[in-house]
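Positions 78 to 304 (my numbering) are the ones given, in order, by the sequence shown.
For reference, the structure is listed below as structure tokens.
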Amino acid sequence: MKTIYEGKTKNVLESEDGKIFLKFKDTMTGTDGVFDTGGNEVAGSIEGAGSECLKVSKFFFEKLREKNVKSHYVDSDLENNLMEVEPITIFGKGLEVITRFVAVGSFIRRYGSYIEEGASLPGYTEITLKDDDRNDPLITKEGLVDLNILTAEEYDEIVRQNLENAKIIRDILEEKGLKLYDIKLEYGRRKENGEIILIDEVSGGNMRAYKDGKYIEPLELSKYLGI
78 MKTIYEGKTK
88 NVLESEDGKI
98 FLKFKDTMTG
108 TDGVFDTGGN
118 EVAGSIEGAG
128 SECLKVSKFF
138 FEKLREKNVK
148 SHYVDSDLEN
158 NLMEVEPITI
168 FGKGLEVITR
178 FVAVGSFIRR
188 YGSYIEEGAS
198 LPGYTEITLK
208 DDDRNDPLIT
218 KEGLVDLNIL
228 TAEEYDEIVR
238 QNLENAKIIR
248 DILEEKGLKL
258 YDIKLEYGRR
268 KENGEIILID
278 EVSGGNMRAY
288 KDGKYIEPLE
298 LSKYLGI
């Protein structure tokens with residue numbers, strides 16, 4: 078297989094017969110050498126990190142498929158850290174869609190004068206541009222439309238899908254005795270027909286989940302899921 082894109086934590090590969098795969102790596106993102114799932118730099122590597130992220134992604138994508146959620150996921154090869162995916166196109170240079178169920182983190186840093194830390198949220202949605210040089214800035218619906226990244230209709234569809242998907246993931250975690258505080262997902266278009274679908278991964282690094290008030294480290298999530 079040939080590598081068609083090299084990312085910080087995953088590479089995109091193409092097989093001789095045209096199938097597309099994500100190769101999960103052991104690199105971890107962070108800031109100033111400190112591991113942080115929200116960071117934009119490679120902070121180092123941890124043996125087994127790629128395998129853990131793929132295992133959890135496989136679990137969630139297959140659970141979502143049972144709920145008729147459309148995604149780029151096809152199948153997984155855990156032995157080789159590979160996830161087969163459908164070919165897609167992204168919006169602009171990539172978007173991250175964040176859903177918040179609890180007011181913590183950067184939400185409190187921005188809006189702490191108006192809400193108490195730890196307060197419940199109904200599924201507050203934010204979108205950021207994937208732009209490492211500008212620290213993934215927040216962008217509004219109007220900004221996305223004016224910059225020709227999304228149409229207004231595409232924005233509404235992404236927000237609708239995303240809230241449904243985030244709530245499904247929240248409910249799955251609740252069944253395991255876990256509480257989802259927030260989650261970051263990505264969306265793209267199917268190459269064959271332009272349909273908007275869930276893409277990338279759904280792993281511990283995408284979310285903040287807690288057990289009895291204690292934060293679950295991203296690489297520990299599979300233990301709590303029982304997989």
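Beta carbons are placed, not taken as given, at the ideal position from N, Cα and C, and that holds for glycine.
Along the chain, where does the beta strand (DSSP E) containing N88 start, and where does it finish?
87-91
How many angstroms separate the CA atom of Y301 from the CA atom of P214?
32 Å
Neighbour-count burial assignment, V174, 16 or more Cβ in a 10 Å radius:
buried
Could you give the DSSP three-state label for G195: helix, strand or coil?
coil
Using beta-carbon positions only, say whether L141 and N242 come within less than 8 Å of one another.
yes
Within the continuous beta strand (DSSP E) that includes A120, where are the two ends?
118-122
Going by C-alpha distance, which of D103, K87, Y287 is nearest E251?
Y287
Rounded distance between the beta-carbons of K100 and K79, thought under 8 Å:
Not really, about 11 Å apart at Cβ, beyond 8 Å.
Beta-carbon separation of E93 and I81 under 8 Å?
no
Check whether the segment 167-187 and the segment 197-204 are in contact - that is, three or more C-beta pairs closer than 8 Å.
yes
Verify the CB distance criterion: does G95 have a CB-CB separation below 8 Å to chain C?
No chain C is present in this structure, which holds just one protein chain.
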